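Peer 1: Sequences listed follow chains P and B, in order.
First residue of the first sequence: 1, per the working numbering; consecutive thereafter.
First residue of the second sequence: 175, per the working numbering; consecutive thereafter.
Note that CB positions come from ideal geometry on N, CA and C, so glycine has one too.
Just so we're clear, the structure is a prediction, and the values are computed from it rather than from any experiment.
Have a look at this one before I ask anything.
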Amino acid sequence: MADAGPWLRQARSDLSAAERVLVTEESSTYCQVIAKCQQVVEKCVKSIATELADRGIVSLTIGARGHGVEQFIAAIRRAPRRDHGKAVPEYVREVLERNLQEIRKVMRLAPTGLREGVLPRNTEYPFQDARGILIAPADNGSFRIEEVKQFIALARRIFKQANTLIDVTRRTPL
Amino acid sequence: MSIAIGSFPTFREHVEDLVNQHRKLMDEPVLMAVYYAPDRDPDDIFLFEVLDNFSGNTIADEGDLLEVIYGPTGYFPIITRNSKLHIILASPDEFYAAAEQRTPLFREIKEAVESNRSQIIFLDPAWARLGQVLS
């Protein structure tokens, strides 16, 4: 049986690293902070996935095209639901729905391959800016401080909610 | 309670309700939903959905379509201790790629369609081509 604990412990370490790496006056730190925020979100979602799979509620099959954060969220959103009343998966669904847009936003800054022949903006590898010029994620202007603050806030929120959800799940009979 | 392939499509009404729930997720609209009965897991229920914007409409280089398995939670009345609900999810591009590569899940769905062990629950008229890929 897998355990959600290690995922959450690593998420806590990533969140702590994100907070320490940030130097507001140095824009070269922004990409590193956002990359750590992606890691926090991914590990928190995987901790929830692990817990729900352990309890036989939802599981993704091995061999699918990636087991990313978005696939897991899609699975939770499509779980059969009651007409009324709430149970654990419903709370999980609500937390994910509430943060969905921001989760997608930060996860789509994770490095990928070419998209329609262009290297998309990401936190790790050089990419093409709006003029088609190759720039580094650490370059001034690649990321804004407002984005950094938004994603740190998201990472803190998701981390707190993942801990709560797992606590609740473990205390709730099916 | 045991559900056998022979009982297909006994649970169409429940599956329709589920598809209607999914159609309310407007950011990933359901373009096609197929209730089907493959040869494997005869006690289980299978639903295939093609969704616009699913996973940002990106395609992974390898692997099959995403299959999600739901255990008994009391949410879906037909899921019993011995049966599960399987939902296979894809974006249109993933679906076309799976058809081209003849992936195991695509073949399973196609075979069910060819054996009259499937029903289209919903097909967006603007996406009729999706249905043609299976027929």
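Quick one: Cα of lysine 284(B) to Cα of alanine 49(P), how far?
Peer 2: Within the second sequence, the letter at position 110 stands for residue 284(B). Within the first sequence, the letter at position 49 stands for residue 49(P). Distance between the alpha carbons of lysine 284(B) and alanine 49(P) is about 30 Å.
Peer 1: At a CB-CB cut-off below 8 Å, which residues of chain A make contact with glycine 230(B)?
Peer 2: Among the protein chains of the structure shown, namely P and B, there is no chain A.
Peer 1: Who does methionine 206(B) pair with in a DSSP beta bridge?
Peer 2: Indexing the second sequence from 1 puts residue 206(B) at position 32. According to DSSP, which records beta bridges pairwise, methionine 206(B) is partnered with Val224(B) and Leu297(B).
Peer 1: Going by DSSP in three states, isoleucine 262(B) sits in which element: helix, strand or coil?
Peer 2: Looking up residue 262(B) in the second sequence gives position 88. Isoleucine 262(B): strand per DSSP, three-state reduction.
Peer 1: Can you give me the Cβ contacts of isoleucine 62(P) inside the same chain, cut-off strictly under 6 Å, excluding the 5 residues immediately before and after it?
Peer 2: One-based indexing of the first sequence puts residue 62(P) at position 62. Reliability of the predicted coordinates at isoleucine 62(P) is poor, the pLDDT of 43 falling under 50, and the value obtained from them is presented with this limitation in mind. For isoleucine 62(P), where only same-chain residues beyond five positions count, there are no Cβ hits under 6 Å.
Peer 1: Between the Cα of leucine 225(B) and those of Val307(B), Trp301(B) and Leu308(B), spot the shortest distance and give me the residue it belongs to.
Peer 2: In the second sequence, counting from the first residue as 1, residue 225(B) sits at position 51. Leucine 225(B) has its Cα closest to that of Trp301(B), out of Val307(B), Trp301(B) and Leu308(B).
Peer 1: Give the DSSP-derived three-state secondary structure of isoleucine 62(P) in the structure shown.
Peer 2: The residue labelled residue 62(P) in the question sits at position 62 within the first sequence. In this prediction, isoleucine 62(P) has a pLDDT of 43, which is less than 50 and means its spatial position is unreliable; what the coordinates show is noted afterwards. Reduced to three states, the DSSP call for isoleucine 62(P) is coil.
Peer 1: Taking 8 Å as the threshold (beta carbon to beta carbon), is isoleucine 294(B) in contact with chain P?
Peer 2: Position 120 of the second sequence holds residue 294(B). Not one chain P Cβ lies under 8 Å of isoleucine 294(B).
Peer 1: Where alanine 286(B) and proline 212(B) are concerned, what is the direct C-alpha to C-alpha distance, given to the nearest angstrom?
Peer 2: Position 112 of the second sequence, counted from the first residue, corresponds to residue 286(B). Position 38 of the second sequence, counted from the first residue, corresponds to residue 212(B). Approximately 6 Å, taken between the alpha carbons.
Peer 1: What does DSSP give as the partner residues of isoleucine 152(P) in its beta bridges?
Peer 2: Position 152 of the first sequence, counted from the first residue, corresponds to residue 152(P). For isoleucine 152(P), which the question treats as bridged, DSSP gives no partner whatsoever.
Peer 1: Does the beta carbon of leucine 199(B) sit closer than 8 Å to a beta carbon anywhere in chain P?
Peer 2: Working through the second sequence from its first residue, we reach residue 199(B) at position 25. It does: the Cβ of leucine 199(B) has a partner Cβ on chain P nearer than 8 Å.
Peer 1: Would you give the residue range spanned by the alpha helix (DSSP H) that isoleucine 57(P) belongs to?
Peer 2: Working through the first sequence from its first residue, we reach residue 57(P) at position 57. Per DSSP, isoleucine 57(P) belongs to no alpha helix (DSSP H) and is neither H nor E.
Peer 1: With aspartate 238(B) and leucine 279(B) assumed to form a contact (beta carbons below 8 Å), what rounded beta-carbon distance in angstroms separates them?
Peer 2: Residue 238(B) sits at position 64 when you count from the first residue of the second sequence. Residue 279(B) sits at position 105 when you count from the first residue of the second sequence. At roughly 5 Å, the Cβ-Cβ gap stays under 8 Å, so aspartate 238(B) and leucine 279(B) are in contact.
Peer 1: Are phenylalanine 222(B) and isoleucine 262(B) closer than 8 Å when you measure CB to CB?
Peer 2: The sequence position of residue 222(B) within the second sequence is 48, counting from 1. The sequence position of residue 262(B) within the second sequence is 88, counting from 1. Yes, these two residues count as a Cβ contact at 8 Å.
Peer 1: What residue does the beta strand (DSSP E) around valine 23(P) start on, and which one ends it?
Peer 2: Taking the first sequence and counting its residues from 1, one reaches residue 23(P) at position 23. Segment: none, valine 23(P) is in no beta strand (DSSP E) and carries neither H nor E.
Peer 1: Let me check understanding here. Comparing Cα to Cα, which of Pro183(B), Ile243(B) and Val208(B) lies closest to valine 193(B)?
Peer 2: Within the second sequence, residue 193(B) is the residue found at index 19, counting from 1. It is Val208(B) whose Cα lies nearest to the Cα of valine 193(B).
Peer 1: CB glutamine 71(P) to CB lysine 43(P), shorter than 8 Å?
Peer 2: Taking the first residue of the first sequence as position 1, residue 71(P) is located at position 71. Taking the first residue of the first sequence as position 1, residue 43(P) is located at position 43. Result no, Cβ atoms of glutamine 71(P) and lysine 43(P) do not sit closer than 8 Å.
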